[in-house]
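Visitor: Structure in structure tokens, see below.
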Amino acid sequence: MLEIKEVSRYFDNFTALDKVSLNIAAGEFFTLLGPSGCGKTTLLRLIAGFDQPDNGDILLDGKSIIATPPERRPLHTIFQNYALFPHMTVTENIAFPLRMVGCTQAEINRRVAEALEDVSLPDKGNHYPDALSGGQKQRIAIARALVNRPRLLLLDEPLSALDAKLREQMQLELIKLQKEIGITFVYVTHDQGEALALSHRVAVMNRGTIAQVDEPSRLYGFPNSRFVADFIGQCNLLSGKVTQLQDNRAQVELEGLGPVQTAIPADSTIAVGRNCTLTLRPEKIHISSRVSHDEVEAHFKGIVHDMLYLGDVTVYKVELANGMLLEALLANSSPGRARFFEIGDQVEVAWHYDAGHLVMD
Ligand SMILES: Nc1ncnc2c1ncn2[C@@H]1O[C@H](COP(=O)(O)OP(=O)(O)OP(=O)(O)O)[C@@H](O)[C@H]1O
Ligand SMILES: [Mg+2]
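Heads up: the sequence shown begins at 183 in my numbering, then just goes up one per residue.
Structure, rendered in structure tokens:
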């Protein structure tokens, strides 16, 4: 439905967006994710029409919308700061876009009531924004955005002003709302957890380019680069070189550690002699005090350097022979069990040959 074609945007000599291409399907919850300054808001503003690309095209249902002014595009943008009118009641705020297009009073009443229902605040119509909590204000901003049924809702960090508990509640509501009304969402966040929780698909951005577009579970399990592995969740990054390829396994010489066997990723440009990174999630690593000789595992000796008790899990940092700190995660599932190892303990870390995901540098 929305096609972004080789879009670039320059500010003086700075390249904010570099030939960005994306296809977003109707009904999709699509997220732009990336570190601060990577170009997320810039791209959203181009879609909204508040700014023009220097190169490339943006198409909606196959037709270019570059020349269409923002108010005539079938979309609506929601910002972090709600942008509600403080001197108007909730009802008047939501009715505003309908008045602008000249709806009748009966039509306005009906659609405002519907919109308040959509965001589960049917009784707040007569309140002023000041009398609402942050979460409620954001829901009213969403109601106002939905009232004239746009094809596309653009949301720029809409939950970042809310505290953690409320943010989680609003995330669940957004998922439900998007499913119910079926409007396409383009959502911007720099919070990877939020992106994984909310989205059907995520585009990870890095310095004005798209690093990877994928479903959340694929981004987490099969990052296509060191950057994506590092940005999405916690990840151990072990540098090495490919030394052998056989059947579905590669042998990788890890810097300062030695050889390990690892699975060959699909659609990879892997070749003997290439520098690579083995990306390993902390929950895929086992720690034990005994030495194992399991052939399908890689194992290395280490010393417990640090630990962090987090209630449900304990994170251990194990120092390996090359000085690297490997992070491993152990669930504290047995009652009262919070510590399996102490700082300074000699341990062995191990992982199954297909626990890691190999990316080329
Ligand atoms: N109008 C402008 N003039 C000059 N530089 C700009 C302008 N707008 C954005 N930039 C620059 O372009 C880059 C991308 O900015 P953008 O606001 O898109 O980042 P972002 O990914 O939304 O970051 P954040 O997560 O901090 O909101 C930044 O380095 C920013 O300084
Ligand atoms: Mg931004």
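The beta-carbon is built from N, C-alpha and C at its ideal position, and this holds for glycine as well.
Keep in mind that this is a model prediction, so the values were computed, not measured.
Do you know whose CA, among Thr-461, Val-424, Ala-480 and Cys-458, lies nearest His-153's CA?
Guide: Lying before the first or after the last residue shown, residue 153 is absent from the chain, which here runs from 183 to 543.
Visitor: On a CA-only basis, which of Ala-198, Phe-196, Pro-217 and Val-189 is nearest Asn-205? Give me that one, please.
Guide: Shortest Cα-Cα distance from Asn-205 to any of Ala-198, Phe-196, Pro-217 and Val-189 involves Val-189.
Visitor: What number of angstroms, rounded off, separates the C-alpha of Val-443 from the C-alpha of Val-473?
Guide: Per the sequence shown, the amino acid found at residue 443 is Gln instead of Val. Approximately 18 Å, taken between the alpha carbons.
Visitor: Quick check on the DSSP output: what are the complete beta strand (DSSP E) runs of length 3 or more inside the segment 363 to 421, in order along the chain?
Guide: 366 to 371, 383 to 388 and 391 to 396
Visitor: When you compare only the Cα positions, how much space is there between Gly-526 and Asn-406?
Guide: When the Cα atoms are used, Gly-526 and Asn-406 turn out to be separated by approximately 35 Å.
Visitor: So what's Met-489 in DSSP terms, helix, strand or just coil?
Guide: strand
Visitor: Tell me whether the segment 229 to 236 and the segment 383 to 390 touch, counting them as touching only if at least three CB pairs, one residue from each stretch, are closer than 8 Å.
Guide: no
Visitor: In its own chain, which residues sit with a C-beta less than 7 Å from the C-beta of Asp-200, not counting the 5 before and 5 after it?
Guide: If we look at Asp-200 and ignore the five residues flanking it on each side, its Cβ neighbours are Ser-190, Gly-390 and Thr-391.
Visitor: Specify, as a first and last residue, the run of the alpha helix (DSSP H) that Asp-300 falls within.
Guide: 287 to 300
Visitor: Please name the residue, chosen from His-382, Phe-211, Gly-221 and Ala-343, that lies closest to Leu-334 on a Cα-to-Cα basis.
Guide: Measuring C-alpha to C-alpha distances from Leu-334 to each of His-382, Phe-211, Gly-221 and Ala-343 identifies Phe-211 as the nearest.
Visitor: Which residues share a DSSP beta bridge with Tyr-498?
Guide: Met-489 and Ala-510
Visitor: What does the alpha-carbon distance come out to for the pair Cys-220 and Leu-226?
Guide: Each residue's Cα considered, the two are about 12 Å apart.
Visitor: With Thr-250 as the anchor, note down where its beta strand (DSSP E) starts and where it stops.
Guide: Per DSSP, Thr-250 belongs to no beta strand (DSSP E) and is neither H nor E.
Visitor: Taking the alpha helix (DSSP H) that Glu-274 belongs to, which residues open and close that run?
Guide: Segment 272 to 282, the alpha helix (DSSP H) holding Glu-274.
Visitor: CB-CB under 8 Å to Asp-312, same chain, minus the five flanking residues each way: which ones, in chain order?
Guide: Contacts found: Pro-268.
Visitor: Let me check you understand the geometry: is the CB of Gly-216 closer than 7 Å to at least one non-hydrogen atom of ligand 1?
Guide: With a cut-off of 7 Å, the C-beta of Gly-216 is classified as near ligand 1, since at least one heavy atom of the ligand falls inside that distance.
Visitor: Closer than 7 Å from C-beta to any heavy atom of ligand 2: which residues, in chain order?
Guide: Lys-222, Thr-223, Asp-338, Glu-339 and Val-370
Visitor: Can you grab the Cα-Cα spacing for the pair Glu-530 / Ser-471, in whole Å?
Guide: Rounded to whole angstroms, Glu-530 to Ser-471 spans 6 Å at the Cα level.
Visitor: State the Cα-Cα distance for the pair Lys-361 and Glu-355, rounded to the nearest angstrom.
Guide: Going by the C-alpha atoms only, they are around 10 Å apart.
Visitor: Can you name, in chain order, every residue of its own chain whose Cβ lies under 7 Å from the Cβ of Ile-357, other than the five neighbours on each side?
Guide: These residues qualify, in order along the chain: Leu-380.
Visitor: Quick one, which of Lys-483, Lys-499, Phe-482 and Gly-484 has its alpha-carbon nearest Leu-490's?
Guide: Of all alpha-carbon atoms in Lys-483, Lys-499, Phe-482 and Gly-484, the one lying nearest the alpha-carbon of Leu-490 is that of Lys-499.
Visitor: When you compare only the Cα positions, how much space is there between Ala-249 and Val-329?
Guide: 25 Å
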